[in-house]
Every structure is written in C-alpha cells, then in structure tokens.
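Note sheet for the following structure.
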Amino acid sequence: MRLYPILILFLLTTFCFGQTKQNGLILPLSSASPEICCIYAPKNGITVYSRPNGDKAGKLTRKVKENTGDQAPYRIYLLPNSDKAAKKLNLSLFEQIDSEVWAIKYFERKDGFVRVLDKSDNYWISEKEIAANKFRVTEWQKFISANAGKVLGFYANDPGLNLRDAPSVNGKVLKKLKGDLFEITPTTQSKGLWVKVKVKKYKEHPCTSDLGKKEIVDYELEGWVKIVNDNGEPNVWYYARGC
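Going by the numbering used here, the sequence shown opens with residue 204, and the numbers climb by one from there.
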C-alpha cells in the first residue's frame, strides 16, 4: 500500500512537467524570403481541418483572385472546401510580432495538430504540414527568450508581475513589476515556466525622453519571473512596432 502515494506523486509530476504548452506561434524557419511577408504563412497556403485527423475544412491562402494590389501580402483568406466564397480574415486573428509582420497564433495543441484562428470555431493545422512548408510551431516561452535584446523591451501584463528571488511562488517578492517603465530582459537561465531576468526601472520611457542612457535609469534589479502562465500564454508584452 505504501507504493500508491509514490506512484500518484510520480504521475502528477510527470503530468505537470511533461504537459505540452498549449499556446504559441507558427513561424518560418527563415524570414528572409519576401514571399512569406507580411502575414507569415506558407507561399502555397496550408490545409485547415475540422478537428485533429479530421476532415479537410479548407485552406489558409493568399492565392484568391480578389487578392490583388500592393496590400495583397497583408491579406490572408480562408478558402472553404465547399462552394462558399473565400473569407478574408481580420488581422486581429493574428499576432503582430514586428513593425509590419503578423504570425498565425495557436491556442490548443493535440495529436500532432494545432488549433488556430477563432476560438469559437474548430480550425486545426497539421504540425507535419507546417514542418513540410519550412515553418515551425514555437511556444511563447521560446519566442520570448529568442527575442531578448532584439525588441525594445518586455513589460508585465496587467495587473503586474512579481519579481522573485527564486523560481517559485514561494520565492521572496523583490518588486512588483507594473507598467512600461519596468523593462524586463530575459537571460538564458530558466526553470520550468520561470526565467531569470534583468530589470531596468526607468524614470521616463526611452521612447519619449530626452534623458541620456545613464541618467534615464532609476535603478536595476535581477530576479525570477513566471514568464508564461500554466497554459503557455505570455505574462509579458512588447512594443511590436518599436518606439
């Protein structure tokens, strides 16, 4: 009987630490090609399914006859398998990740498929097809870490983020990070959903201040933050368009 508590603890630990994060972005292996600008999507489109390993619902594509002109790269359509007309998708369904760049975001991952677009519908894309088109499924935590130092800075989502002295909710709170005067830069150190970060508290925001680089910094801190929540959604944001 003594083995049961140990077995239960093992199963719980395996579930908690082995669980696939459910949120992220679909990104190209290389962004150098102009053919994939400005909504990151495969050149020839990608199949959309009604459920994992289910029926084909249609295709995400730019290649519809009405998509013409210099704004064509900023449009993407859902082309149904039925006789229905292609539907132009609103940019709000995508994640802006750079000044003029958007990515397909996913919010569920199951059986080799990711669920995309509107949470009120069932649209799934095959991870195998994503890889075959030289794209990759990228968890938010990896995206944030990969862009540390490349973006203006990361900032805590409302209502704020606790900076702790250890990667745990039991760690001592060093500071409540709130607003865009607390610039968060992830380091390469991480533990689970926690990342060690460097924080600069600015007197004024660098985008609007005339103060010098040294004068503008109020103070600096280091500590740990839970960079994504338990579903893998980011606990931080950044200015995708820059200043």
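The beta-carbon is built from N, C-alpha and C at its ideal position, and this holds for glycine as well.
Distance between Asn256 and Asp413 (C-alpha atoms, nearest Å): 56 Å
Between the CA atoms of Lys266 and Tyr243 - distance to the nearest angstrom: 14 Å
Proximal residues to Gly442 (C-beta, below 6 Å), its chain only, five neighbours per side dropped: With the sequence shown as reference, residue 442 is identified as Tyr, and Gly is not the correct amino acid for it. Here the set comprises Leu355.
Glu298, DSSP secondary structure in three states: strand
Spatial distance of Ser253 from Asp324 (CA atoms): 9 Å
Residue range of the unbroken alpha helix (DSSP H) whose run includes Glu473: With the chain covering only 204 through 446, there is no way to say anything about residue 473.
Rounded C-alpha distance that separates Glu423 from Ile430: 19 Å
For Tyr243, the three-state DSSP class (helix, strand or coil): strand
Segments assigned beta strand (DSSP E), at least 3 residues, entirely inside the stretch 381-418: 385-394 and 397-405
Pick from Val402, Asn434 and Leu263 that is closest to Ile249, judged by C-alpha positions: Leu263
Between the CA atoms of Lys331 and Lys375 - distance to the nearest angstrom: 43 Å
Under the three-state DSSP convention, the category Ile279 falls into: coil
Close-in-space but distant-in-sequence residues of the same chain around Asn432 (CB under 7 Å, 5 per side omitted): Asn438
CB-CB length for Glu386 against Lys403, believed under 8 Å: 5 Å
Helix, strand or coil at Ile307 [DSSP, three-state]: strand
Cα-Cα separation, Asp368 to Lys291: 48 Å
DSSP-derived helix/strand/coil call for Lys345: helix
Ile430 (DSSP reduced to helix, strand or coil): coil
Cutoff 7 Å; reference Lys406; Cβ partners in own chain excluding five residues on either side: Leu414, Ile419 and Asp421
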